[in-house]
Amino acid sequence: MEFFRTAGRYRRDGSYAVARRAADTPGNEQVFDSFAALRALFASLPAEFGAEAVGDEGVTGSRRHLVVRHLAEHPAFDCALVSERPLRAEKVEG
């Protein structure tokens, strides 16, 4: 699935990769063991979160921002960006 700035892809081994849209280098993606692992990460985040909270869960470097954007863009996750600088998202109730 491609979104505005990110893309998600199921891999043959069952893992789920979050990447910058149209990027083709490994440094521009974060691989999760499965989509369920990404869901678990989302569930562990506070109501409002940014790159630092994602980093606390083990995602490193610029991939932290990538994951925040992907969570906000993907329809499976009830959250939206509330700030660009610093990059922050908020879970939507309902």
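Residue numbers (this note's numbering): 1178 to 1271. Even for Gly, the Cβ is constructed at its ideal location relative to N, Cα and C.
Residue i versus residue j: straight-line alpha-carbon distance, rounded
i            : j            : result
residue 1263 : residue 1269 : 19 Å
residue 1239 : residue 1261 : 14 Å
residue 1236 : residue 1183 : 16 Å
residue 1255 : residue 1222 : 12 Å
residue 1204 : residue 1218 : 20 Å
residue 1195 : residue 1245 : 10 Å
residue 1207 : residue 1191 : 14 Å
residue 1228 : residue 1211 : 21 Å
residue 1267 : residue 1251 : 13 Å
residue 1243 : residue 1197 : 7 Å
Residue i Cβ short of 8 Å to the ligand ADP heavy atom set
i            : result
residue 1257 : No copy of the ligand ADP occurs in the structure displayed, which carries no ligand at all.
N- and C-terminal bounds of the beta strand (DSSP E) containing residue i
i            : result
residue 1267 : 1264–1268
residue 1182 : Premise fails: residue 1182 is in no beta strand (DSSP E) and is neither H nor E.
**Asked** Which ranges would you report for the beta strand (DSSP E) in the region 1231–1262 if only whole runs of at least 3 residues count?
**Response** 1256–1261
**Request:** Can you check the region 1189–1238 for any beta strand (DSSP E) of at least 3 residues that lies completely inside it and give the ranges in chain order?
**Result:** 1193–1197, 1206–1209, 1225–1227
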